[in-house]
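Participant: There's a structure below that I have some questions on.
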Amino acid sequence: MVKTIVGLMGTSVASGSTKMSTSAHLMAILNLLKSYKIHELDTARVYAAGKSEALLGECAPLAHSFAISTKAPGFSPGSLAADKIESNCNASLAALKLQKMDIFYFHGPDRQTPLEEQCRAADKLYREGKFKRFGVCNLRADEVEKIHQICSDKGYVLPSVYQGGFNPLQRRAEFELLPLLRKLEMSYYAFSPLGGGYFSKPVEELRDPPKGTRMDEMTVFKNIYVNETSLELLGKLTKVCERHGMKVKEATLRWYMHHGPLGDEDGVILGASNVEQMEENLNACENGPLPEEVVESFEDMWKGYKEKAGPYCV
Numbered sequence: 317m318v319k320t321i322v323g324l325m326g327t328s329v330a331s332g333s334t335k336m337s338t339s340a341h342l343m344a345i346l347n348l349l350k351s352y353k354i355h356e357l358d359t360a361r362v363y364a365a366g367k368s369e370a371l372l373g374e375c376a377p378l379a380h381s382f383a384i385s386t387k388a389p390g391f392s393p394g395s396l397a398a399d400k401i402e403s404n405c406n407a408s409l410a411a412l413k414l415q416k417m418d419i420f421y422f423h424g425p426d427r428q429t430p431l432e433e434q435c436r437a438a439d440k441l442y443r444e445g446k447f448k449r450f451g452v453c454n455l456r457a458d459e460v461e462k463i464h465q466i467c468s469d470k471g472y473v474l475p476s477v478y479q480g481g482f483n484p485l486q487r488r489a490e491f492e493l494l495p496l497l498r499k500l501e502m503s504y505y506a507f508s509p510l511g512g513g514y515f516s517k518p519v520e521e522l523r524d525p526p527k528g529t530r531m532d533e534m535t536v537f538k539n540i541y542v543n544e545t546s547l548e549l550l551g552k553l554t555k556v557c558e559r560h561g562m563k564v565k566e567a568t569l570r571w572y573m574h575h576g577p578l579g580d581e582d583g584v585i586l587g588a589s590n591v592e593q594m595e596e597n598l599n600a601c602e603n604g605p606l607p608e609e610v611v612e613s614f615e616d617m618w619k620g621y622k623e624k625a626g627p628y629c630v
């Protein structure tokens, strides 16, 4: 079965408006995760303007009973220069109050710094015992292949996990990236499984999102998911789910677990703003396969949207 991982991005990546804003709130979430036998937590240096890692550090030793992964900032020229990679890794470990993390990711591409320099820096940190696994996020397939080849040729630690956006409306990674990852024996961890609220909110709310919600604060989600075609397809899926007595959110999470392209070594990164929401999501992941009509409705959604679907990478 696909692994369930819990992400701690909060409402906004950089604004500091994480809803898990106190250690008591996060401790309640972590205790719930323990009861569901969840083992992996995912964060990043930039999440909640750096507060996400620090909050996890405040929740030691409970937080340290999980495998914690984080990410070095990418996306801008020079962000993955060797000295930046090293300083960000060390800063993350200090904030998390860890000696060693699980997965150390490059959060996004830096297309200015040579890939060999980036790979060498990751290998140095790996050999110093700073992390167990090396991961990459949001890269094109050709970039993943180049990084893997460099690491293989040089004897560096190989990337073993790719993290990217994937859900039933945005499935291009399934066809343009997953075949390569299978060839390289890399796992795929899917973030935004509910599309930033697309699969968990009614159509009317998506058209006019309440202030403070992720769909309101992060316009990237609204730009990707809110248009006439996507809302029409969601309306059709909603009616099918209602006929079978379930919410679209539950159906979507069950689709990942039983009907999507991900396997045992892959993962779905869940988020939630409170204990009740997290428990609802975890329960959905534990439920069984979907009725055939619901599965077909997800396939119809992709067929109706694939020409409009955005890229799987940055």
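So the sequence shown is numbered by the numbering used here: it starts at 317 and just counts up by one. We treat Cβ as the ideally placed atom computed from N, Cα and C, and that holds for glycine.
Consult DSSP for T568 and reduce its assignment to one of helix, strand or coil.
Facilitator: helix
Participant: Comparing alpha-carbon positions, which option in M573, L569 and G579 lies nearest L497?
Facilitator: Comparing Cα positions, the closest option is G579.
Participant: Rounded to the nearest angstrom, what separates S333 and L371 at their Cα positions?
Facilitator: Low confidence applies here, because S333 scores a pLDDT of 35, under 50, leaving its location unreliable and the question unanswered by this model.
Participant: Measure the Cβ-Cβ separation of L485 and Y572 and say whether it is below 8 angstroms.
Facilitator: no
Participant: Can you grab the Cα-Cα spacing for the pair Y442 / L547, in whole Å?
Facilitator: Distance between the alpha carbons of Y442 and L547 is about 45 angstroms.
Participant: Leaving aside the five residues before and after L378 along the sequence, list all residues of the same chain whose C-beta is less than 7 angstroms from its C-beta, in chain order.
Facilitator: Excluding sequence neighbours, L378 sits near M343 and L346.
Participant: In whole angstroms, what is the alpha-carbon distance linking D616 and N539?
Facilitator: About 22 angstroms.
Participant: Contact criterion: CB-CB distance below 8 angstroms. Does L324 meet it with respect to chain C?
Facilitator: The structure shown contains no chain C; it is built from a single protein chain.
Participant: Tell me, which residues are paired with V584 by DSSP?
Facilitator: T320 and A506
Participant: Could you pull out every residue in the same chain whose Cβ sits closer than 7 angstroms to the Cβ of E459, ignoring the five residues on either side in sequence?
Facilitator: P425
Participant: Reducing DSSP to helix, strand and coil, say where K517 ends up.
Facilitator: DSSP places K517 in coil when its eight states are reduced to three.
Participant: Could you name the residues of the same chain whose beta carbon sits closer than 6 angstroms to that of G634, not counting the 5 residues immediately before and after it, in chain order?
Facilitator: Only positions 317 to 630 of the chain appear in the structure, and residue 634 is not among them; the question remains open.
Participant: In whole angstroms, what is the alpha-carbon distance linking E609 and G451?
Facilitator: Distance between the alpha carbons of E609 and G451: 37 angstroms.
Participant: Report, in whole angstroms, the separation of the C-beta atoms of P495 and H560, which I expect to be a contact under 8 angstroms.
Facilitator: That belief does not hold up - the Cβ atoms of P495 and H560 are roughly 32 angstroms apart, past 8 angstroms.
Participant: According to DSSP, what are the bridge partners of S385?
Facilitator: Bridge partners of S385 according to DSSP: D358.
Participant: In whole angstroms, what separates the C-alpha of G394 from that of T429?
Facilitator: The C-alpha of G394 lies about 6 angstroms from the C-alpha of T429.
Participant: Please state whether DSSP places Y621 in a helix, a strand or coil.
Facilitator: Helix, per DSSP.
Participant: Hey, quick one: how far does the alpha helix (DSSP H) through Q434 stretch, first residue to last?
Facilitator: Boundaries of the alpha helix (DSSP H) around Q434: L431 to R443.
Participant: Which residues in the same chain have their Cβ closer than 6 angstroms to the Cβ of I321, if we skip the five residues on either side of it in sequence?
Facilitator: E356, D358, G583 and I585
Participant: Identify whether F537 lies in helix, strand or coil by the three-state DSSP scheme.
Facilitator: helix
Participant: When burial is assigned at 16 or more other CB atoms within 10 Å of the CB, is L324 buried or exposed?
Facilitator: buried
Participant: With contact counted as at least three CB pairs below 8 angstroms, one residue from each stretch, are the stretch 383-390 and the stretch 403-417 in contact?
Facilitator: yes
Participant: By how many angstroms is the C-alpha of V362 removed from the C-alpha of L409?
Facilitator: 14 angstroms
Participant: Which same chain residues end up closer than 6 angstroms to K319 when comparing Cβ atoms and leaving out the 5 residues on each side of it in sequence?
Facilitator: G583
Participant: Would you tell me roughly how many angstroms separate the C-alpha atoms of A438 and S368, rounded to the nearest one?
Facilitator: Going from the Cα of A438 to the Cα of S368 covers about 22 angstroms.
Participant: Identify, in the order they occur along the chain, each residue of the same chain with its Cβ nearer than 7 angstroms to the Cβ of K624, setting aside the five sequence neighbours on each side.
Facilitator: T545
Participant: Since R456 and V477 are thought to touch, with beta carbons under 8 angstroms apart, how far apart are those beta carbons, to the nearest angstrom?
Facilitator: 16 angstroms between Cβ atoms; not a contact.
Participant: For T338, is the classification buried or exposed, using 16 other Cβ atoms within 10 angstroms of its Cβ as the cut-off for buried?
Facilitator: exposed
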